[in-house]
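2 protein chains.
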Amino acid sequence: MGSVAPSWQDKAEKKRQAVLDLIPPAWRLPLPLPSTKAQKNVTGAFVQQYLTPHEVEITEATAAQIVAKTTAGAWTATDVVTAFCHRAALAHQLTNCLHEIFFDQAIAEAARLDAQMAAGHGPAGPLHGLPVSFKDQFHVRGVETTMGYVGWIGTFEGQTGTGQEKEAESELVREVRALGGVPFCKTSLPHTVMSGETWNNIVGFTYNPHNRLMSCGGSSGGEGALLAMRGSPIGFGTDIGGSIRIPSAFNGLYGLRPSFGRVPYLGAANSMPGQNSIPSVCGPLAASPGALKLMLQAVLQQEPWLHDPAVVELPWRALLATLPATAGTPLTFGLWAGDGLVSPLPPVQRAFDTVKDRIHALGHHTIVWTPPSHDEATELAVEAFTADGGIDIHHHIGLSGEPLQPRIQAMYGDKPSAPKTADALSAFNLRLGRYRKAYMDYWNSTAALTKSGAPVDAVLAPVAPHAALELGKALHIGYTPWVNTLDYTAVVFPVTKVDPAQDQLATDYEPRSALDKTIRDEYDPQLQEGTPVGLQLVGRRFQEEKVLALVEMLSDALAA
Amino acid sequence: MGSVAPSWQDKAEKKRQAVLDLIPPAWRLPLPLPSTKAQKNVTGAFVQQYLTPHEVEITEATAAQIVAKTTAGAWTATDVVTAFCHRAALAHQLTNCLHEIFFDQAIAEAARLDAQMAAGHGPAGPLHGLPVSFKDQFHVRGVETTMGYVGWIGTFEGQTGTGQEKEAESELVREVRALGGVPFCKTSLPHTVMSGETWNNIVGFTYNPHNRLMSCGGSSGGEGALLAMRGSPIGFGTDIGGSIRIPSAFNGLYGLRPSFGRVPYLGAANSMPGQNSIPSVCGPLAASPGALKLMLQAVLQQEPWLHDPAVVELPWRALLATLPATAGTPLTFGLWAGDGLVSPLPPVQRAFDTVKDRIHALGHHTIVWTPPSHDEATELAVEAFTADGGIDIHHHIGLSGEPLQPRIQAMYGDKPSAPKTADALSAFNLRLGRYRKAYMDYWNSTAALTKSGAPVDAVLAPVAPHAALELGKALHIGYTPWVNTLDYTAVVFPVTKVDPAQDQLATDYEPRSALDKTIRDEYDPQLQEGTPVGLQLVGRRFQEEKVLALVEMLSDALAA
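The listed protein sequences correspond, in order, to chains C and B. Take 27 as the starting number for the first sequence in our numbering and just add one per residue. Take 27 as the starting number for the second sequence in our numbering and just add one per residue.
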């Protein structure tokens, strides 16, 4: 009998263990680890006990504070990078948030940056010594990219002999390095990236650090968990239907979903990568709004339009970024409080009302947002995502024979179906264009409803009807895809946490749908206690500077 | 026996006659018209004999000169619009360049503008009283759009009962009106718009006014002929593979092919309208470079990104437009003198050498341009244009049963073939992306070859290996599609005219291909005498301001 090829389970387990083995013994947590039930919240004081005071100081500073220190030489890049590597190692042991660890490479790079500073060359760039994490779609030289597929282990996007294995580097990673940033780990995601939960056959389930009984969301869920643990000061995720925004909201973070063509996606792995009707975009997540702004400004300094053909030449626009101070008249916010299928649960509604009150307290105005149907936008998005009949996804799942995650199978079936033909795709693109035009016309029409006579400046909306849920409980992904369908700009910001004392269900509620009833039946504020609630602020296409400025304003008001 | 449905020939002839009938008797030319052989050149003195001196003064002014007069009240909109209507009527009788005539509507609009001025309201906008022609893809209220299809006569894009027949107006037309511009006629094109010649089963062949034995090019050929006749001060065409640039070059005009998303295309008819891999764009053609600049600036003032979801928020960038004065160091131009299949014929080569010499005389530099294969770019373009297997085109041809123009049939077959599937289209889009990236890298790499240390500023290239040819002679459409495949900015400008004394073939030439040999065998400088030769200057994506400024510089140098 010859040797038997390893099973997908063996390959996955070996990979999972190999990543864990990259954590230095000094950074291992004592075994047995506390159960997720015994230690639900592993942020803050819990994780701090394993760190030195200086490590806590570094890892709880904002990205802006960190680069202020590193570029002035007050903190060494080595100290900063090492502190984050340590905390990321702890985060991974507690939440399963990492796919690739390359702390050695990062610490060596930090030493190189320190040597340059010591030699009088000054900081390498505006991100000098800033650790940056990446969702496991981005290629980083020296490590592999699995995108959660067992069949991608030891390959380049499922292929061998390409010469690109562990050699390729995505354009965004190159730019972050050129700015002085230090990539140090890659974060977990659901295989295919087409899910709002982070679960795959390699690392299993990634826990929500604020409440480990709950999901961290997805698909950029590893970023969400790592950043909530303060295991990274800033990271990059991707968003095709909510994949930056859902983990940002579920983990108490800020997250930017820019319009397509603002931030370079070139050379990153993806599902259905040539699908260009409603494309995926990449953007940063962080614990402070200033970090998103710092990163977008820095990336734009690299003139990504000279390196990625899909990027539009739009440098940082300072004027847009100085809103609302320069607006002169009060701003107007549209208020959209949920779709036709599921209404927000109490903690989300409370967050929404809180922000609405802050907007009014700031002297700005609101109108009720009654746009073309967001349910239709979601239908269009699903049609774009499934245009190839699932051929791409089933191909990559099939490389190892691993099972497709059930929620994803619900969308893509258990085998490929007939792809759309080019003529049908053209008809679809025209339908998409008509939806976008109708929405644009609606937005313009609000000029007649505002006191300023200008259309609304941005739209306030929940990210989901619920906060983070237990794995397998009914999720509703209906509040985010409209932004992708429209290619608008959205920034998520944290507002509150689930509080059983305030967030009990009303008893007289009439469900909007069977899904709405299920979500309400499953709602348990006691279990969800402490789980963050965030909202999104949505602007028109390519309004990143403006929406970031408005979110900074709202965050300041919430903190006051 | 019941009545027999009219044949496509009857419908086409009735439509052709109906358009002719809209020309007022006073503007009819005496019959019989001179034959194309007896009166090859109908521009200049020939057409002037039918106009008053004031009509000649108006119609030979540049667009900038015209709006300077109309906005100051020195010329009435009525006089300006009427003069162009008259000259357009003459142009049509001599070249077959019009599809729709709505002089009455235009003159009424001019009277309204004049009344507003008389009432002290000032000019309606920067285009006050400026007549603007449109290729017959744009919808104008009050008239129909056939796009050269017999089956579209009396319909809205081939459909009846839509409520849009003679009601729809394209976004660009709306914006031109809002700027004070006056649409007054729509111009001929080949049915499908997928041809470099202008011939259809309704109006037949559109002649080149400089030499009526020759084609006016295509697909925006009616614009080319009308503008060369000075029957319009500025018009809009579209370009998916060279359709603005070829008629601009063949008729001695300036033409701007902007990047996709700069000028609104929304609400215009098109072939394969949902094809978004290598999309068609619209842009202006005119007899002066200043007209293109005036029009682009004016359209951008309308903030088209608030009205067409495909338009990017890129206002007019004054800094880019002040090149080369602000450049400081000498500029560098890439020189690309033809593709792998066909080399330029003598008049085109002479034009190229003339401009190269002017560039050097201005103190600027040149390098030889050796990019990724433009033949490959053409192959990619053809693959995108035929992705639907010709389903769209055959459907619209089939509405009337008219025959497909043979050159177009060579590309689309005599019946539809299997369309690409979505997965194959995704793979194609990735291949397209790789080509664009390789080209971008090549462009960046020229920084090592220039004296300034910056990559080349723009690339000088022929528009075709030949000037305008007789209908049916071998055309080569290989010099223009690379710009579409890359979505770059290109501006065509006139350089010279075919001159038998200077443009004889070398006797020792070794043809690059069978097509090259045919084109040389068919070359007849005597027959082509007086036919214009233009070149294109190509910049990177969204570099409209820069390329327009550079063309203005080159044009000034050529005129000096």
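Beta carbons are placed, not taken as given, at the ideal position from N, Cα and C, and that holds for glycine. This one's a predicted model, so the numbers in the text were calculated from it and none came from an experiment.
- Going by beta carbons, B:Gly556 and B:Asn237 fall inside the 8 Å limit.
- Within the model, the alpha-carbon separation for B:Val166 versus B:Thr69 is close to 28 Å.
- Among the residues of chain C, those whose CB is under 7 Å from the CB of B:Arg462 are Pro335, following chain order.
- C:Leu430 is not a Cβ neighbour of C:Tyr465, given a cutoff of 8 Å.
- The continuous beta strand (DSSP E) containing C:Asp265 extends over residues 260 to 265.
- In the DSSP assignment, B:His391 falls outside any alpha helix (DSSP H) and within the unbroken beta strand (DSSP E) covering 391 to 394.
- Looking at the DSSP output, B:Asn226 shares a beta bridge with B:Gly230.
- In this structure, the alpha-carbon of C:Gly300 lies about 11 Å from that of C:Ala410.
- Judged by their CB atoms, B:Val45 and B:Ile127 are nearer to each other than the 8 Å cut-off.
- By the 16-neighbour rule on beta-carbons within 10 angstroms, B:Lys441 is exposed.
- If you compare the alpha carbons of B:Ala144, B:Ser426, B:Pro58 with that of B:Thr97, the shortest gap goes to B:Ala144.
- For B:Leu77, no beta strand (DSSP E) run applies, since DSSP gives it neither H nor E.
- Close CB contacts of B:Leu541 within its chain, under the 7 Å cut and outside five residues either way in sequence, are with Leu367, Val368, Ala500, His502 (chain order).
- Ranked by Cα distance from B:Val524, the options B:Val374, B:Tyr514, B:Ala413, B:Pro537 are led by B:Val374.
- The Cβ atoms of B:Ala487 and B:Tyr468 do not sit closer than 8 Å to each other.
- Counting only runs of 3+ residues, the beta strand (DSSP E) found wholly inside the stretch 130 to 172 of chain B occupies 157 to 161, in chain order.
- Close to C:Gln301, with beta-carbon spacing below 9 Å, are these residues of chain B in chain order: Ala448, Leu451, Ser452, Asn455.
- In the three-state scheme derived from DSSP, where H, G and I count as helix and E and B as strand, C:Cys111 is classed as helix.
- C:Gly459 has a beta carbon lying within less than 8 Å of a beta carbon in chain B.
- Counting only Cβ-Cβ distances below 9 Å, B:Asp418 has contacts in chain C at Asp449, Ser452, in chain order.
- Ranking B:Thr121, B:Gln75, B:Phe568, B:Ile84 by CA distance to the CA of B:Leu346 puts B:Phe568 first.
- Below the 7 Å Cβ cutoff, chain C contributes Thr447, Ala448, Asp449 as neighbours of B:Pro445, in chain order.
- Counted as a single uninterrupted DSSP element, the alpha helix (DSSP H) harbouring B:Lys41 occupies residues 34 to 47.
- In this structure, B:Lys161 and B:Ser246 form a Cβ contact; the two beta carbons are roughly 5 Å apart against a cut-off of 8 Å.
- C:Pro259 is a Cβ neighbour of C:Leu156, given a cutoff of 8 Å.
- With distances taken between CA atoms, C:Thr102 lies nearest to C:Ala150 out of C:Ala150, C:Arg113, C:Phe72.
- Taking each of C:Thr213, C:Thr224, C:Ser221, C:Ile272 in turn and checking the Cα distance to C:Leu252, the smallest one comes out for C:Thr213.
- One Cα belongs to C:Leu322, the other to C:Val289, and the distance between them is close to 8 Å.
- C:Gly261 and C:Ala312 have their alpha carbons spaced roughly 7 Å apart.
- The CB of C:Val289 never comes closer than 8 Å to any CB in chain B; the least such distance is about 15 Å.
- Assignment of beta-bridge partners to C:Arg54 by DSSP yields no partner.
- What C:Val338 touches in chain B, judged by beta-carbon distance under 7 Å, is Val338, Phe568, going in chain order.
- Rounded to the nearest whole angstrom, the CA to CA distance from B:Pro273 to B:Leu574 is 18 Å.
- Contact annotation: C:Tyr175 and C:Ser426 have beta-carbon atoms nearer than 8 Å.
- Chain-ordered, the chain C residues with CB closer than 9 Å to the CB of B:Asn470 read Leu332, His333.
- Between B:Asp414 and chain C, the shortest Cβ-Cβ separation is below 8 Å.
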